[in-house]
Amino acid sequence: MKKCLIPALAALFLSALQISAQQTGCPDRLAVNYNPEAIANDGSCRYNQANIIPLGSLELEAEIAETSGLIFWDNMFWTHNDDHDINLYGLDTIYGKVTRTYPLHGISNTDWEEISQDESHIYIGDFGNNSGNRRDLKIYMISKQSIIDNSPLYDSICFSYPEQTDFNPGSYNSDFDCEAFIVSEDSLYLFTKGWASRQTTLYSLPKTPGTWDAKRKASLNVNGLITGAVYNRDKRIIVLTGYSNKLQPFLYLLYDFAGTDFFGANKRKIDLLLPYHQVEAITTTKGTRFFITNEAFSYKPVVRVSQKIHLVDLRSFLGNYLGLPLPIPDELNSFIISPIPANNYIMVQGLPELIPANYLIVNMSGRIVKTGVLESDISMVSLSGLSSGIYLLRIGNERLYAYKIVKE
0 MKKCLIPALA ALFLSALQIS AQQTGCPDRL AVNYNPEAIA NDGSCRYNQA
50 NIIPLGSLEL EAEIAETSGL IFWDNMFWTH NDDHDINLYG LDTIYGKVTR
100 TYPLHGISNT DWEEISQDES HIYIGDFGNN SGNRRDLKIY MISKQSIIDN
150 SPLYDSICFS YPEQTDFNPG SYNSDFDCEA FIVSEDSLYL FTKGWASRQT
200 TLYSLPKTPG TWDAKRKASL NVNGLITGAV YNRDKRIIVL TGYSNKLQPF
250 LYLLYDFAGT DFFGANKRKI DLLLPYHQVE AITTTKGTRF FITNEAFSYK
300 PVVRVSQKIH LVDLRSFLGN YLGLPLPIPD ELNSFIISPI PANNYIMVQG
350 LPELIPANYL IVNMSGRIVK TGVLESDISM VSLSGLSSGI YLLRIGNERL
400 YAYKIVKE
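Residue numbers (numbering that gives the first Met the number 0): 0 to 407.
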């Protein structure tokens, strides 16, 4: 009996392994290598290039020109400046105006670069380290109730990077700078700003006052500088902000990960069409709507960008994962155009296998008024310069797809 049982168990075990192997892969329908049979996400999803335009932007007041962190708490946005200013600023969510100012007496600001929160505390990261020579990195842990009582009570979580051995000051060439972190149930997770490598490295710290060595977890090549982070723990979504060395801002989506293996599942970079905007912070109120701030930036005499807050909706990128009602291209609807009617832009969603695709816009007289290439399965096409009216959008290389669009 025992001799028969052992081979049977072995066969069952091998069968389970085979089933498990068949079920791993890329389960995201928006990926170019989507596998409809995949159940377990192995982090292999690949995506076309994508970009997004804010739904709206508001200029912020001059007193928060160096806005560097952002959270949503107590029905308000909260931000701070990144140098010496010890105030927390509360902004209304309609006009972005400063309506509350809380000085955090007893706390210094060497280089505040991020703010995060849990149910009971606000956390401020005084860990900006552009020159790579700081030895006093810390995160302040401040009771929310004490802020409401206008008598802030705080503790300090001090830390260092064990891998750092060179503390000679340099000019933006250190990989031990940091401007982004998130808070979990028992830990803090830092996303470094890698000036030299253009990567971000994930470190963890206990969510406990004291002095600690940051524990290195993993690195991710983002080809840019990470400046902000927001975490939806229930939905397993992290959205990072950053910019390139040419000041092209972007968002980096991490989602569908298991536990705290944040780099282990879907990873998608989305260009934010706000050239020369030094984005510094991100938060969310609910769902797929995210708010991003940029600090003031000038490069005389050509560039001058004021401090602003921007609203973006990531429904097109995260809606499928979240199970939201969302039209998604399929064999019957290879491309989806929205909104109809449109103002200055339309969004074109297409099957990944049809991208890149040439397009042209034709007016009712049959004249071609615009041509271009869809380089992403989610692309924004500008209608600026076109008169109000009805147009025909033709898309395709070998096969042609035609759609009516209306510009108001």
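Just so it is clear, CB atoms sit at the ideal spot from N, CA and C, and this is done for glycine as well.
Quiz prompt | Burial state of I389 (16 or more Cβ within 10 Å) | solution = The residue given as residue 389 occupies position 390 in the sequence shown. Exposed.
Quiz item: Got a sec? Which residues, its chain only, sit under 7 Å from P208 by beta carbon, not counting five neighbours each side?
Solution: Sequence index remark: in the sequence shown, residue 208 carries index 209 (1-based). Residues of the same chain with a CB within less than 7 Å of the CB of P208, apart from the 5 flanking positions on each side, are M140, D154, S155 and I156 in chain order.
Quiz item: Roughly how many angstroms separate the alpha carbons of S130 and F190, rounded to a whole number?
Solution: One-based indexing of the sequence shown puts residue 130 at position 131. One-based indexing of the sequence shown puts residue 190 at position 191. Rounded to whole angstroms, S130 to F190 spans 17 Å at the Cα level.
Practice problem: Would you kindly report the start and end of the unbroken alpha helix (DSSP H) that includes L224? | Solution: For the purposes of this step, residue 224 is taken as residue 225 along the sequence shown, with counting starting at 1. For L224, no alpha helix (DSSP H) run applies; the uninterrupted beta strand (DSSP E) run containing it begins and ends at L224 to N231, by DSSP.
Quiz item: With DSSP run on the structure shown, which of helix, strand or coil describes G42?
Solution: Here residue 42 refers to the residue found at position 43 when the sequence shown is read from its first residue. Three-state result, G42: coil.
Quiz item: Sorted by chain position, which residues of the same chain lie with C-beta nearer than 7 Å to K403's C-beta, five sequence neighbours on each side aside?
Solution: Translated into the one-based positions of the sequence shown, residue 403 becomes position 404. Short of 7 Å from the beta carbon of K403, and not among the five residues preceding or following it, lie these beta carbons of its own chain, in chain order: I389 and L391.
Exercise. Using a Cβ-Cβ cut-off of 8 Å, state whether L103 counts as contacting chain C.
Key: Chain labels in this structure do not include chain C; a single protein chain is all it has.
Quiz item: Exposed or buried, Q144, counting other C-beta atoms within 10 Å across all chains shown (16 or more means buried)?
Solution: The sequence position of residue 144 within the sequence shown is 145, counting from 1. That one is exposed.
Exercise. Assign I360 to one of three DSSP states: helix, strand, or coil.
Key: Sequence index remark: in the sequence shown, residue 360 carries index 361 (1-based). It is a strand residue.
Quiz item: Is the stretch 302-312 in contact with the stretch 276-292, if contact means three or more CB pairs nearer than 8 Å?
Solution: Yes, the stretch 302-312 is in contact with the stretch 276-292.
Practice problem: Taking only the alpha-carbon atoms, compute the straight-line gap between I327 and I367 and give it to the nearest angstrom. | Solution: If you number the sequence shown from 1, residue 327 lands on position 328. If you number the sequence shown from 1, residue 367 lands on position 368. Approximately 28 Å, taken between the alpha carbons.
Quiz item: Grouping DSSP H, G and I as helix and E and B as strand, with all else coil, what is Q144?
Solution: For the purposes of this step, residue 144 is taken as residue 145 along the sequence shown, with counting starting at 1. The answer is helix: DSSP assigns Q144 an H, G or I state.
Quiz item: Would the beta-carbon of E62 fall within 8 Å of that of V97?
Solution: In the sequence shown, counting from the first residue as 1, residue 62 sits at position 63. In the sequence shown, counting from the first residue as 1, residue 97 sits at position 98. The answer is yes: Cβ separation under 8 Å.
Quiz item: Roughly how many angstroms separate the alpha carbons of D110 and N167, rounded to a whole number?
Solution: The count along the sequence shown starts at 1 and reaches residue 110 at position 111. The count along the sequence shown starts at 1 and reaches residue 167 at position 168. Cα to Cα, D110 sits roughly 18 Å from N167.
Quiz item: With 16 as the cutoff for other CB atoms within 10 Å, does A39 come out buried or exposed?
Solution: In the sequence shown, counting from the first residue as 1, residue 39 sits at position 40. By the neighbour-count rule (16 or more Cβ atoms within 10 Å), A39 is not buried but exposed.
Quiz item: In terms of residues, what are the limits of the beta strand (DSSP E) holding F289?
Solution: Within the sequence shown, numbered from 1, the residue matching residue 289 stands at position 290. Its beta strand (DSSP E) spans residues R288 to E294.
Practice problem: Return the CA-CA distance between I394 and D376, expressed in angstroms with no decimal places. | Solution: Numbered from its first residue, the sequence shown carries residue 394 at position 395. Numbered from its first residue, the sequence shown carries residue 376 at position 377. Looking at the two C-alpha atoms, the distance is approximately 12 Å.
Exercise. Determine, using beta carbons only, whether S218 and T199 come nearer to each other than 8 Å.
Key: Locating residue 218 in the sequence shown gives position 219, where the first residue counts as 1. Locating residue 199 in the sequence shown gives position 200, where the first residue counts as 1. In this structure, the beta-carbon distance from S218 to T199 falls below 8 Å.
Practice problem: Sort out for me which residues DSSP pairs C177 with in a bridge. | Solution: As a working note, residue 177 is residue 178 in the sequence shown. In the DSSP output, where bridge partners are listed per residue, C177 has T191.
Quiz item: Do L373 and K406 have their CB atoms nearer than 8 Å?
Solution: One-based indexing of the sequence shown puts residue 373 at position 374. One-based indexing of the sequence shown puts residue 406 at position 407. Taking C-beta atoms as the reference points, L373 and K406 fail to come closer than 8 Å.
Quiz item: Just the Cα atoms here: how many angstroms apart are G89 and W72?
Solution: As a position in the sequence shown, residue 89 is number 90, starting the count at 1. As a position in the sequence shown, residue 72 is number 73, starting the count at 1. If you take the alpha carbons of G89 and W72, they lie about 9 Å apart.
Quiz prompt | Cβ-based burial, G227 [other Cβ within 10 Å; buried from 16] | solution = In the sequence shown, residue 227 corresponds to position 228, counting from 1. Its Cβ being crowded by 16 or more others within 10 Å, G227 is buried.
Self-check item: Span separating the alpha-carbon of R235 from that of L317
Solution: In the sequence shown, the residue the question calls residue 235 occupies position 236. In the sequence shown, the residue the question calls residue 317 occupies position 318. R235 and L317 have their C-alpha atoms spaced approximately 11 Å apart.
Quiz item: Taking Cβ positions, are F249 and I269 nearer each other than 8 Å?
Solution: Here residue 249 corresponds to residue number 250 of the sequence shown, with the count starting at 1. Here residue 269 corresponds to residue number 270 of the sequence shown, with the count starting at 1. Remark: C-beta atoms of F249 and I269 approach each other more closely than 8 Å.
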